[in-house]
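Novice: Here it is: the structure, laid out below.
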Amino acid sequence: MIHPPTWHADARQPGNHAMSVRTRFAPSPTGFLHIGGARTALFNYLFARHHGGTYLLRIEDTDRQRSTPEAVQQILDSLAWLGLSPDEPPVFQASRETRHAEVARALLARGSAYLAYDTPEELAAQREAAEAAKRPFKYDGSRWQGLDPKDAPSVAPAIRIKAPREGETVVEDLVQGTVRVANGELDDMIILRSDGTPTYLHAVVVDDHDMAITHVIRGDDHLTNTFRQCMVYDAMGWSRPRFAHIPLIHGADGAKLSKRHGAVGALEFREQGFLPEAVCNYLMRLGWGHGDEEVIPRERAIALFDLDGVGRAASRMDYAKLLHLNGVYLRGSDDDRLTRDVLERLGRHVVSFGTLGADRVRALMPVLKERAKTLEELAASAAFAVIEGPPPLEAKAAALLTPEAKARLADLAQFLTDAPWERADLESWLRDYAEVKGLKLGQVAQPLRVALTGSTQSPPIDAVLWALGRTEAMDRILAAAEG
RNA sequence: GUCCCCAUCGUCUAGAGGCCUAGGACACCAGCCUUUCACGUUGGUAACACGGGUUCGAAUCCCGUUGGGGACGCCA
């Protein structure tokens, strides 16, 4: 019967450092790290930090067919980008197979497990028969138990753990609450395959135990597996960790999150111009809340986060809200950092530029970042500043360059020749010009904007004028006036 | 099919029996600001899945229904 081990309570006593919190994120390197996994990592990180504990990473690479070194690197890169790198070097599960086998044999020696000589084909047939008869398949290994090795078939055996038949298993889940299942539902699962490799359900338990994990925080999809894992803990006489099963993230339509919903890989968000702090903030708020707080930077998140605030229902990915949050973080970001990123993106988009262009982008950054939601948008909006010479004209912008507008620009160029080149001065010169000519400021600003940026949308025109510098600005105005 | 979990505006959530005429955020609509686009700001539309209990009183507790999700591998 299952009661939380007493040290769990002790661990929460202030002043008890003997059993500090240890969490782990345990992805399998069979693909890229998706957004759901990223959130699981985040919760593990936040929980450990909040309690002054340790946050670890274990790569579950026991499936040798599907695990790849590229995927491992991808996961590491993703976590690094999100600021969720582990406190210690990652543990590779495959490297611990000797230990897994050792525990399996210990279970055998204790009489808690037995050798099962079924072939995969036999099992598949049994499963099919059960399905055909519309009854749930439950493995029956009674014929192998207590078998004299001499009578064993000449088949490499797997090791199966004996499931309890009576009573029920109870898990006090930190998120889901008390969850119980009748032991009659469990069956004798394989812990060591016939080829000597461990199964996931077994390896996880051995590793979590050996790594002294105190809190297993993972996706909801592992909830029912937890009862199977309990069999190993209990049979070995190990105290179980605390479990916390967090709900999954779904796509906007409520179905399992997949590529057709948009970006799902953590690194895809980076490519699309999202900031890691915005992604983390968004992910944290998905399934967790603290009153009305929405913008919660890392430090604040660590201070606030705890598992009791995690909801039990699955939530849907809302890209619009992420986008909004990204805008918030973008506006609050350091100008030098943004400039660096934008220049890099522009370079990738095959725009060549010199230091003059780079300086202009930096000068414009405070007003540029006000009007972008992603780094990609930011880069696009900075493109006019980085190039030399007249910018390419957008269709809508070109339409604005009427003969009158061109004449106006020529006149304006003349007028600006003697202007002092400071932003505030430029603004008042433009206002004066409009007033003298009996025009609304917009009538002057729009043609000018088109000439300088090639677009009908840009930061305030005085800022653009100033950042471009007198020479470059004059070039562009004249080019537009003559073109 | 069996077992497990879940259920407040379109979405993320606040809500731990009276503070709820159900609050906030995103999105959407309208207005203001304005030099374009954003930002900002003001207001608006919009939810307790359904049915039974328990209680003086239920979004909050219990049961059922419906609807979602997950797990049932010599995958992880």
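Quick note: the first sequence uses this note's numbering, first residue 198, plus one each step.
Where a beta carbon is used, it is the ideal one built from N, C-alpha and C, also for glycine.
1) How about H442 and V372: are their beta carbons less than 8 Å apart?
2) Under a Cβ-count criterion, where at least 16 other Cβ atoms within 10 Å of its own Cβ denotes burial, should R439 be classed as buried or exposed?
3) So I256 packs on F229, CB below 8 Å; how close in whole Å?
4) With distance defined between alpha-carbon atoms, name the residue in R296, A579 and T668 nearest to S549.
5) In chain order, what residues of the same chain have a beta carbon less than 6 Å from the beta carbon of W618, not counting five sequence neighbours either side?
6) For D450, which of A511, N523 and I356 has the nearest alpha-carbon?
7) From the DSSP output, read off the bridge partner residues of A313.
8) Just reading off the alpha helix (DSSP H) that E541 is part of, what are its end residues?
9) Could you give the uninterrupted runs of the beta strand (DSSP E) lying entirely in the stretch 411-469, keeping only those of 3 residues or more?
10) Report yes if the CB atom of L575 is closer than 8 Å to the CB atom of V539, and no otherwise.
11) So within the stretch 606-666, which uninterrupted alpha helix (DSSP H) runs reach at least 4 residues, ignoring any that extend past its ends?
12) Please list the terminal residues of the continuous alpha helix (DSSP H) segment that includes L371.
13) Please list, in chain order, all residues of the same chain as G233 whose beta carbon is under 7 Å from its beta carbon, the five residues on each side excluded.
14) Roughly how many angstroms lie between the CA atoms of V558 and V218, to the nearest whole one?
15) Tell me which same chain residues have a C-beta within less than 7 Å of the C-beta of L281, skipping the five on either side of it?
16) Taking all protein chains shown into account, do 16 or more other C-beta atoms lie within 10 angstroms of the C-beta of L636, making it buried, or fewer, making it exposed?
17) Check each candidate in M671, V583 and V641 and name the one with the smallest Cα separation from A602.
18) Using the Cα positions of E299 and D315, report the straight-line distance between them to the nearest angstrom.
19) Report the three-state DSSP secondary structure of Y336 (helix, strand or coil).
20) Please report the distance separating the alpha-carbon of D385 from that of T421.
21) Assign M198 to one of two classes, buried (16 or more other C-beta atoms within 10 Å of its C-beta) or exposed (fewer than that).
22) Between which two residues does the alpha helix (DSSP H) carrying R528 extend?
23) Please name the residue in A660, Q643 and A678 whose C-alpha comes closest to that of S652.
24) Under 8 Å: do the stretch 518-535 and the stretch 475-495 share three or more Cβ pairs, one atom per stretch?
25) Measure the Cβ-Cβ separation of L398 and R362 and say whether it is below 8 Å.
26) Got a sec, what are the start and stop residues for the alpha helix (DSSP H) R246 sits in?
27) Ordered along the chain, which non-local residues of its own chain (more than five positions away) have a Cβ less than 6 Å from that of A208?
28) Tell me whether L281 counts as near the ligand GDP, meaning its Cβ is closer than 7 Å to at least one heavy atom of that ligand.
29) With DSSP as the reference, label L254 as helix, strand or coil.
30) Starting from the Cα of L565, find the closest Cα among A660, L543 and D405 and give me that residue.
31) In angstroms, rounded to a whole number, what distance separates the CA positions of A686 and T375?
32) What is the DSSP secondary structure of I387, counted as helix, strand or coil?
33) Here's a check: name, in chain order, each residue in its chain whose Cβ is nearer than 7 Å to the Cβ of R324, leaving out the five neighbours to either side.
34) Counting C-beta neighbours from all protein chains within 10 Å, is the total for H546 16 or more, i.e. buried, or is it exposed?
35) If you follow the alpha helix (DSSP H) that R221 is part of, which residue opens it and which one closes it?
36) Tell me whether V633 is buried or exposed, calling it buried when 16 or more other Cβ atoms sit within 10 Å of its Cβ.
Specialist: In brief:
1) For the pair H442 and V372, the CB atoms are nearer than the 8 Å cut-off.
2) By the Cβ-count criterion, R439 is buried, with 16 or more other Cβ atoms from all chains shown falling within 10 Å of its own Cβ.
3) With 8 Å as the limit, I256 and F229 do not qualify as a contact, their Cβ atoms being about 14 Å apart.
4) Here the closest residue by C-alpha is A579.
5) Closer than 6 Å at Cβ, skipping near neighbours: R667.
6) Looking from the CA of D450, the closest CA among A511, N523 and I356 belongs to A511.
7) The partner list for A313 (beta bridge, DSSP) reads A355.
8) In this chain, the alpha helix (DSSP H) harbouring E541 covers D532 to R545.
9) Within the stretch 411-469, the complete beta strand (DSSP E) segments at least 3 residues long are 412-416 and 439-443, listed from N- to C-terminus.
10) Yes, the pair counts as a contact, with Cβ atoms nearer than the cut-off.
11) Counting only runs of 4 or more, we get 620-634, 638-650 and 658-665.
12) Per DSSP, L371 is not a residue of any alpha helix (DSSP H), being assigned neither H nor E.
13) Counting only residues of its own chain and dropping the five nearest sequence neighbours on each side, G233 has a CB closer than 7 Å to the CB of G416, L445, I446 and L454.
14) Distance from the CA atom of V558 to the CA atom of V218, rounded to whole angstroms, is 46 Å.
15) So the qualifying residues of the chain are A238, L239 and Y242.
16) So L636 counts as exposed.
17) Among M671, V583 and V641, the Cα nearest to that of A602 belongs to V641.
18) Using only the alpha carbons, I get a separation of about 22 Å.
19) Here DSSP, grouped into helix, strand and coil, assigns Y336 to coil.
20) Cα to Cα, the separation comes out at about 15 Å.
21) Because M198 carries a pLDDT of 31, less than 50, the predicted location of this residue cannot be relied on, and no value is offered for it.
22) Segment Y516 to R528, the alpha helix (DSSP H) holding R528.
23) In this structure, Q643 is the residue among A660, Q643 and A678 with its C-alpha nearest to the C-alpha of S652.
24) A contact exists between the stretch 518-535 and the stretch 475-495.
25) Against a cut-off of 8 Å, the Cβ pair of R362 and L398 comes out as no contact.
26) That run of the alpha helix (DSSP H) goes I232 to H247.
27) Summary for A208: the model assigns pLDDT 36, below 50, so the residue's position carries little reliability; its value from the coordinates is reported in the next sentence. Excluding residues up to 5 positions away in sequence, M216 lie with their Cβ nearer than 6 Å to the Cβ of A208 in the same chain.
28) The model depicted lacks the ligand GDP and carries no ligand whatsoever.
29) DSSP places L254 in strand when its eight states are reduced to three.
30) Measuring from the Cα of L565, the nearest candidate turns out to be A660.
31) Any question about residue 686 goes unanswered here, given that the chain covers just 198 to 680.
32) Secondary structure of I387 (DSSP, three-state): strand.
33) Apart from the 5 residues on each side of it in sequence, R324 sits with its Cβ closer than 7 Å to the Cβ of F334 in its chain, given in chain order.
34) It counts as exposed.
35) Run containing R221: none in the alpha helix (DSSP H); it sits in the beta strand (DSSP E), R219 to F222.
36) Burial call: exposed.
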